[in-house]
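Residue numbers (my numbering): 70 to 432.
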């Protein structure tokens, strides 16, 4: 091979190598980069089109977000902001009943410490600046005794309680001799803690100290003097704020129990002893009395300096005539309550005074 031929071959080889290098290191990368950019452009265009479509519904999405935040705060509002033991004590006080038609008494109560069981993530723009809410649970084991109606009343009380609770354990034992129910019941209470959550405190509506040292132990007053002492309350029969009529519930003409006050009334034809509840309290700067008969409640304002109740009862007609009332007075004001009872059956009275608080006197 001549030198000229060898140089030609070498030049051809260099040309091939240069062409191969240009393809692999210049053309091919640029082609791949172009394809990658075109692929990315397709993805970005799809993302852009999707965002533009979503932007058309921006107002709808923002409204849904606001609605979901509102639902979030609505749900946590069903739980208190803490689980203080003084609130637990008042809850226990609220479930205990001892009335004519319902009895549920606590034999033993255990107050446990709340335990953290869940951490709830707060919304991104939480109105109180919380990053999270801590959820606590506490168990209230109770030993009780009472009657069947009392057990049903406690279940109703918990179902209608202002905060959500649940019953995790229930044992009912029945003694046919004493007709008493007893057993164990356990409730779980929950709280959601965080900034802005309500600080639960016991609402003890009792005054400290007494202006009159002769009050009964339960808050009633048995030896107060008043304007009706001179005639043993007879003047109440002609001038009263509320009237209670007690008659034979089996009769056709009258209801067995009728409570009339402030132009309204409530009645019952039940032929049994039942509770009539009168609650006297301050509302919006006024003194108001509410009256409850067989689950029906009405109320009226008290404008005087005392509250007089006239109970006009009647003698029993026969052995089937068994109705009557146990009058419960819950008086959280300084207004004295005077009750005059007349015409009651001496051997089997229809009227009896149940629980009382505040100043209450019966003639």
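Just so you know, even glycine gets a beta-carbon here, dropped at the ideal spot from N, CA and C.
Residue i burial status per 10 Å Cβ neighbour count (16 or more: buried)
i, result
"residue 297", "buried"
"residue 333", "exposed"
"residue 202", "buried"
"residue 315", "buried"
"residue 229", "exposed"
"residue 408", "buried"
"residue 154", "exposed"
"residue 106", "exposed"
"residue 149", "buried"
"residue 205", "buried"
"residue 172", "buried"
Rounded Cβ spacing between residue i and residue j (contact assumed at less than 8 Å)
i, j, result
"residue 159", "residue 175", "Residue 159 to residue 175, Cβ: 13 Å. No contact."
"residue 430", "residue 404", "Rounded, the Cβ-Cβ distance is 12 Å, inconsistent with contact."
"residue 379", "residue 312", "5 Å"
"residue 265", "residue 197", "3 Å"
"residue 207", "residue 152", "5 Å"
"residue 306", "residue 338", "Residue 306 to residue 338, Cβ: 25 Å. No contact."
"residue 363", "residue 331", "19 Å between Cβ atoms; not a contact."
"residue 381", "residue 411", "6 Å"
"residue 349", "residue 399", "7 Å"
Neighbour flag for residue i against chain B, beta carbons, 7 Å
i, result
"residue 199", "Reference to chain B is not applicable here, since this structure consists of a single protein chain."
Residue i - DSSP class collapsed to helix/strand/coil
i, result
"residue 422", "strand"
"residue 318", "coil"
"residue 229", "coil"
"residue 103", "helix"
"residue 201", "strand"
"residue 155", "helix"
"residue 237", "strand"
"residue 174", "strand"
"residue 196", "coil"
"residue 412", "coil"
"residue 404", "coil"
"residue 352", "strand"
"residue 138", "helix"
"residue 342", "strand"
"residue 391", "coil"
"residue 313", "strand"
"residue 215", "strand"
"residue 133", "helix"
"residue 428", "coil"
"residue 77", "helix"
"residue 248", "coil"
"residue 335", "strand"
"residue 328", "strand"
"residue 496", "Residue numbering for the chain in the displayed model covers 70 to 432; residue 496 lies beyond these limits and cannot be assessed."
Selected residue, minimal CA-CA separation from residue i, among the options
i, options, result
"residue 146", "310, 409, 269", "269"
"residue 138", "114, 191, 401", "191"
"residue 372", "351, 237, 220", "351"
"residue 376", "100, 130, 357, 323", "357"
"residue 359", "309, 248, 105, 328", "328"
"residue 423", "412, 393, 221", "393"
"residue 346", "339, 331, 368, 325", "368"
"residue 244", "229, 234, 217, 260", "217"
"residue 199", "233, 182, 262", "262"
"residue 335", "402, 324, 100", "324"
"residue 300", "432, 149, 76", "432"
"residue 401", "428, 115, 114, 361", "428"
"residue 240", "247, 257, 220", "220"
"residue 180", "258, 163, 135, 249", "258"
"residue 395", "366, 415, 341", "341"
"residue 143", "233, 100, 406", "233"
If contact is defined by three or more beta carbon pairs under 8 Å, each pair taking one atom from either stretch, is the segment 204–212 in contact with the segment 253–264?
Yes, the segment 253–264 touches the segment 204–212.
Determine contact between the segment 383–398 and the segment 415–422, defined as no fewer than three beta-carbon pairs at a distance below 8 Å.
A contact between stretches requires three or more CB pairs, one per stretch, nearer than 8 Å, and the segment 383–398 meets this requirement with the segment 415–422.
Looking at C-beta atoms only, is the number of pairs between the segment 223–232 and the segment 178–188 that lie closer than 8 Å three or more?
By the criterion of at least three beta-carbon pairs nearer than 8 Å, the segment 223–232 is not in contact with the segment 178–188.
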